[in-house]
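See structure below.
Protein chains: 2
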Amino acid sequence: MTDARPARLSALRALLTKEMLDGLLISGLANLRYLTGFSGSSAMLVVTARDATLVTDFRYETQAAEECEGACDVRIEASSLWKGVWDTIGDGASVRTYGFEGLHLTHRDAQRFSDQERRIHWRPTHDLVEGLRVVKDVGEVAAVRSAGWVATTALGRVLDQVRAGLTELQVCGILEHALRDAGSEAHPFPPIVAGGPRTALPHARASQRVLLPGDFLLLDFGATVQGYCSDITRTVVIGLSDAKQQEVYDVVLQAHAKAVDGVKAGMSGREADALARGYIVARGYGDEFGHGLGHGVGLEVHEAPRLSRTAEGTLPAGAVVTIEPGVYVPEWGGVRIEDDVLVGENDCDVLTSFPRDLIEIGR
Amino acid sequence: MTDARPARLSALRALLTKEMLDGLLISGLANLRYLTGFSGSSAMLVVTARDATLVTDFRYETQAAEECEGACDVRIEASSLWKGVWDTIGDGASVRTYGFEGLHLTHRDAQRFSDQERRIHWRPTHDLVEGLRVVKDVGEVAAVRSAGWVATTALGRVLDQVRAGLTELQVCGILEHALRDAGSEAHPFPPIVAGGPRTALPHARASQRVLLPGDFLLLDFGATVQGYCSDITRTVVIGLSDAKQQEVYDVVLQAHAKAVDGVKAGMSGREADALARGYIVARGYGDEFGHGLGHGVGLEVHEAPRLSRTAEGTLPAGAVVTIEPGVYVPEWGGVRIEDDVLVGENDCDVLTSFPRDLIEIGR
Numbered sequence: 001m002t003d004a005r006p007a008r009l010s011a012l013r014a015l016l017t018k019e020m021l022d023g024l025l026i027s028g029l030a031n032l033r034y035l036t037g038f039s040g041s042s043a044m045l046v047v048t049a050r051d052a053t054l055v056t057d058f059r060y061e062t063q064a065a066e067e068c069e070g071a072c073d074v075r076i077e078a079s080s081l082w083k084g085v086w087d088t089i090g091d092g093a094s095v096r097t098y099g100f101e102g103l104h105l106t107h108r109d110a111q112r113f114s115d116q117e118r119r120i121h122w123r124p125t126h127d128l129v130e131g132l133r134v135v136k137d138v139g140e141v142a143a144v145r146s147a148g149w150v151a152t153t154a155l156g157r158v159l160d161q162v163r164a165g166l167t168e169l170q171v172c173g174i175l176e177h178a179l180r181d182a183g184s185e186a187h188p189f190p191p192i193v194a195g196g197p198r199t200a201l202p203h204a205r206a207s208q209r210v211l212l213p214g215d216f217l218l219l220d221f222g223a224t225v226q227g228y229c230s231d232i233t234r235t236v237v238i239g240l241s242d243a244k245q246q247e248v249y250d251v252v253l254q255a256h257a258k259a260v261d262g263v264k265a266g267m268s269g270r271e272a273d274a275l276a277r278g279y280i281v282a283r284g285y286g287d288e289f290g291h292g293l294g295h296g297v298g299l300e301v302h303e304a305p306r307l308s309r310t311a312e313g314t315l316p317a318g319a320v321v322t323i324e325p326g327v328y329v330p331e332w333g334g335v336r337i338e339d340d341v342l343v344g345e346n347d348c349d350v351l352t353s354f355p356r357d358l359i360e361i362g363r
Numbered sequence: 001m002t003d004a005r006p007a008r009l010s011a012l013r014a015l016l017t018k019e020m021l022d023g024l025l026i027s028g029l030a031n032l033r034y035l036t037g038f039s040g041s042s043a044m045l046v047v048t049a050r051d052a053t054l055v056t057d058f059r060y061e062t063q064a065a066e067e068c069e070g071a072c073d074v075r076i077e078a079s080s081l082w083k084g085v086w087d088t089i090g091d092g093a094s095v096r097t098y099g100f101e102g103l104h105l106t107h108r109d110a111q112r113f114s115d116q117e118r119r120i121h122w123r124p125t126h127d128l129v130e131g132l133r134v135v136k137d138v139g140e141v142a143a144v145r146s147a148g149w150v151a152t153t154a155l156g157r158v159l160d161q162v163r164a165g166l167t168e169l170q171v172c173g174i175l176e177h178a179l180r181d182a183g184s185e186a187h188p189f190p191p192i193v194a195g196g197p198r199t200a201l202p203h204a205r206a207s208q209r210v211l212l213p214g215d216f217l218l219l220d221f222g223a224t225v226q227g228y229c230s231d232i233t234r235t236v237v238i239g240l241s242d243a244k245q246q247e248v249y250d251v252v253l254q255a256h257a258k259a260v261d262g263v264k265a266g267m268s269g270r271e272a273d274a275l276a277r278g279y280i281v282a283r284g285y286g287d288e289f290g291h292g293l294g295h296g297v298g299l300e301v302h303e304a305p306r307l308s309r310t311a312e313g314t315l316p317a318g319a320v321v322t323i324e325p326g327v328y329v330p331e332w333g334g335v336r337i338e339d340d341v342l343v344g345e346n347d348c349d350v351l352t353s354f355p356r357d358l359i360e361i362g363r
């Protein structure tokens, strides 16, 4: 496969020209990894029209040399990353304008710019690299697909072991174990494992609650492969489902299908959201779908673009997004079904293959 | 147990008076939890001499009401947390000065202050609540001790299952599973699981490397109970150890013992660090101990105070810190032994009880 990083740096440099910036300081770790390949947890990157230099510390000396080869220079800094940044930028004869990432720098760190004596004018930038990351290349799509495979493989093994009497935390442990066995490098976020009425809480964390016969069990989790994330949700029933569970499940399942059938490049995030929302509203559960339809997924598990009632941006071909309609009935329970899809010109391609019909565990 | 939160808020208000602040905006989630008990992931807290108001969104309505009762008011904001913050602060007749947490706000969010039309002067503050959190009360120490028990219980179960032929990722899965079974609410950080030469990397992440007979295996991980973290490291050998492994292990073990025997209130972080470092230097491995002796542990797994060559601050009685000397020989391997201790007036109390002599797995 060709190395995608030089083209990414070129695209970023075109943005610098457009923004009239002489350079850019990158502090967001996902942005840094996208441009250089560096996967460590402490570094900054200085990009100018001619140079790109990664500044990191001695712990990452070998790793940075290997990962960044062919993409940028590496500077190992003994005292602090900031000293390395100042030394990289230097002090030219004339005033220059540098950008920094306003979303990826604390106020305290940004104060360093005004404390400096150098002839640099600093200007906050927003989403320059994030914008480039929206359209995935072939290698990135393959990595998300692998992360999807790891997640669905683990899910199959977990559902074989789930039964009434286990706590949510125990199920979470079985899930994390299965994810690691299947090869997940990291958990993109702490798995959501919720049973019974707690499935009505869209952001429930696993608790000591014991699973009971007839409970919904909602599992929302992901895997990581080569830095790329997957994000998937399934809701099952422990034992036999009742009529209301079947109805709510069917509403979400049909809404999910409408979205998967209809999402394609050129529509807005709002239009994509409406594919599922319109159906849920028509079935009488509109007030119980309190979040957006989905979000981009890649080096971060939540990234651009958004699919929601207020998302006016257009979905491009090559975006990878989640489709995750849900219906939550307070104090009763909720259902969410989530998959990751690659947006195409005329349709979308599901990257997380796992059965979607209602599963009754141990029936 | 008495509710510690009112006394914490009083102590913070005394700091506001000292800093001549009319109010403080708290955005650091651990600080927020310390003052109010709120354990969600999206909220801000406005504290003045008279009032304390937590602003959060509809997802946390029930949870915030329960967790914050007796500590502060709760405002549920439909559109954005910032709107709730502005409405809480209001617009008085005279100019007032508010502080914010410079380390817990992005540059982009801090820009909102200058965009506001209100008569508020905003000033960055540093470590106000963090300073209060250094000395733990009885309930906090009990929570760290519980988190230590969960971690050591899991470790025992993992060492029963470890063997040559497993990958680091598989061991990581066994460990995460055991932690959840023992009741850990969350992983304070992704476990470090490193085998063979990779133990020389102090921040190695679990990989697909297969454990071989004679390998060092280093496990550095923690558990979370009631929001409080533990942090522990053990290094074992798969099968029989050789003479060099025994020597390096002994250096670290004796250095660990010197620190545990000597750490007490009133010494500086630098003096505590020297207890172990002096011994390691005397044994000829000074250059191979590249990090500090330890750090505070509590609601965050890395917090104040620091124990290192440059830490001049004094350790108070009631601080909970890690003691984690290590020796790392590049391309050969490394040993680290880490425990959490409660600093007392005349000694320290180990909160993570687990054997420290060299364990040879499956011998």
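If you're matching them up, the sequences are chains R and E in order.
Counting with the working numbering, you get residues 1 to 363 for the letters of the first sequence.
Counting with the working numbering, you get residues 1 to 363 for the letters of the second sequence.
For every residue, glycine included, the Cβ atom is placed at its ideal position computed from N, Cα and C.
Beta bridge pairing from DSSP links E:Ile238 with E:Ile361. Around the CB of R:Val95, fewer than 16 other CB atoms lie within 10 Å, so the residue is classed as exposed. A distance below 8 Å between beta-carbons, with the five flanking residues on each side excluded, links E:Ala64 to the following residues of its chain, in chain order: Phe38, Gly40, Ala43, Leu54, Thr56, Val74, Ile76. Using a Cβ-Cβ cut-off of 7 Å, E:Leu169 counts as an interface residue toward chain R, since at least one Cβ of chain R sits closer than that to its own. Any Cβ of chain R closer than 7 Å to the Cβ of E:Gly102 would place that residue at the interface, and such an atom is present. Restricting attention to alpha helix (DSSP H) runs no shorter than 4 residues, the segment 166–211 of chain E encloses them at 168–181, ordered along the chain. For E:Ala14, the nearest beta carbon of chain R is not closer than 7 Å to its own beta carbon. If you look at R:Tyr34, you'll find it in the alpha helix (DSSP H) that goes 29–36. Rounded to the nearest angstrom, the Cβ distance from E:Val129 to E:Pro305 is 15 Å, too far for a contact under 8 Å.
Counting C-beta pairs with one atom in each stretch, the segment 268–288 of chain E and the segment 97–107 of chain E have fewer than three that are closer than 8 Å, which means they do not touch. R:Glu19 is classed as exposed because its beta carbon has fewer than 16 other beta carbons within 10 Å across all chains shown. For E:Arg96, none of the residues of chain R pass the 9 Å Cβ criterion, the least Cβ distance being about 20 Å.
If the five residues before and after E:Glu312 are omitted, its C-beta is found closer than 8 Å to the C-beta atoms of Ser268, Gly269, Arg270, all from its own chain and listed in chain order. In summary, the residues of the segment 172–190 of chain R whose CB is separated from some CB of chain E by less than 8 Å are Cys172, Gly173, Ile174, Glu176, His177, Ala178, Leu179, Arg180, Asp181, Gly183, Ser184, Glu185, Ala186, His187, Pro190, in the order they occur in the chain. Within the segment 314–328 of chain E, no residue places its CB atom closer than 9 Å to a CB of chain R. Contact annotation: R:Glu345 and R:Ala259 have beta-carbon atoms that are not nearer than 7 Å. Burial check for E:Glu360: the Cβ neighbour count within 10 Å stays below 16, so the residue is exposed. Using beta-carbon distances, E:Thr310 does not count as an interface residue toward chain R, since no partner is under 7 Å. Taking a C-beta distance under 7 Å as the contact criterion, E:Asp22 and E:Thr97 qualify as a contact pair. Residue environment analysis places E:Leu275 among the buried positions, since at least 16 neighbouring C-beta atoms fall within 10 angstroms of its C-beta. Look at the beta carbons and you see the segment 329–339 of chain E touching the segment 210–226 of chain E: at least three pairs across the two are nearer than 8 Å. Your pair E:Val150 and E:Leu175 does not check out as a contact, with CB atoms roughly 12 Å apart and the cut at 8 Å. Not flagged as an interface residue toward chain E: R:Thr153, since no C-beta distance is shorter than 7 Å.
At a beta-carbon threshold of 9 Å, none of the residues of chain E lie near R:Leu351; the nearest stands roughly 22 Å away. The beta-carbon separation of E:Leu253 and E:Arg356, rounded to 6 Å, stays under the 8 Å limit for a contact. Taking 7 Å as the cut-off, the Cβ atoms of E:Leu169 and R:Arg180 count as close. In this structure R:Arg205 is buried. Its beta-carbon is surrounded by 16 or more other beta-carbon atoms within 10 angstroms. Note on geometry: alpha-carbon atoms of E:Ala317 and E:Leu293 lie some 18 Å from one another.
Only Leu201, Pro202, His203, Arg205, Ala206, Ser207, Gln208 from the segment 200–211 of chain E bring a Cβ to less than 9 Å from some Cβ of chain R. Judged by DSSP secondary structure, E:Pro124 falls within the beta strand (DSSP E) whose first and last residues are 120–125. At a cut-off of 7 Å, the C-beta of E:His107 has a neighbouring C-beta in chain R. Apart from sequence neighbours up to five positions away, the residues of its chain that approach E:Arg13 with a beta-carbon distance below 8 Å are Val47, Ala49, ordered along the chain.
Among the residues of chain R, those whose CB is under 7 Å from the CB of E:Arg59 are Pro202, His203, following chain order.
In the structure shown, E:Glu338 adopts extended strand secondary structure according to DSSP, grouped into three states. Straight across, the Cα-Cα distance linking R:Phe189 with R:Glu300 is about 10 Å. Under DSSP, R:Thr56 forms a beta bridge with R:Ala43, R:Ile76.
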